[in-house]
Amino acid sequence: MFSANESMMDRVLRVVLGLILLYLGWGGIVGGTLGVVLQYLGFIPLLTGIIGWCPLYTLFGLRTKAA
Numbered sequence: 019m020f021s022a023n024e025s026m027m028d029r030v031l032r033v034v035l036g037l038i039l040l041y042l043g044w045g046g047i048v049g050g051t052l053g054v055v056l057q058y059l060g061f062i063p064l065l066t067g068i069i070g071w072c073p074l075y076t077l078f079g080l081r082t083k084a085a
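At position 30 of the sequence shown (counting the first as 1) the number is 48 in our numbering, and the numbers step up by one without a gap.
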């Protein structure tokens, strides 16, 4: 369906970043409005890292994965 446009290092960094953001939000480390934002914002890098495709990369014609 979608061609992967993220390198393995890019994917690993996105998954780690997503997990950190989710931990900060859902773990109660950061509270209030920012905590709620982090709860949902963390899913974006996590999911793009898991599937290996970033819609913004496609929009701007970028790739970190070798062709």
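Using N, Cα and C, we set each Cβ at its ideal position, and we do this for glycine too.
| query | result |
| --- | --- |
| Enumerate in chain order the residues of its own chain whose CB-to-CB distance from residue 44 is below 6 Å, with the five nearest sequence positions on each side excluded. | 57 |
| Do you know how far the Cα of residue 27 is from the Cα of residue 46? | 29 Å |
| Within its chain, find whatever has a CB closer than 7 Å to the CB of residue 68; leave out the 5 residues flanking it on each side and keep chain order. | 33 |
| Does the distance from the CB of residue 39 to the CB of residue 73 come in under 9 Å? | no |
| Less than 8 Å between the CB atoms is what I'm expecting for residue 20 and residue 36, so what's the real figure, rounded? | Contact flag wrong, Cβ pair sits at about 18 Å. |
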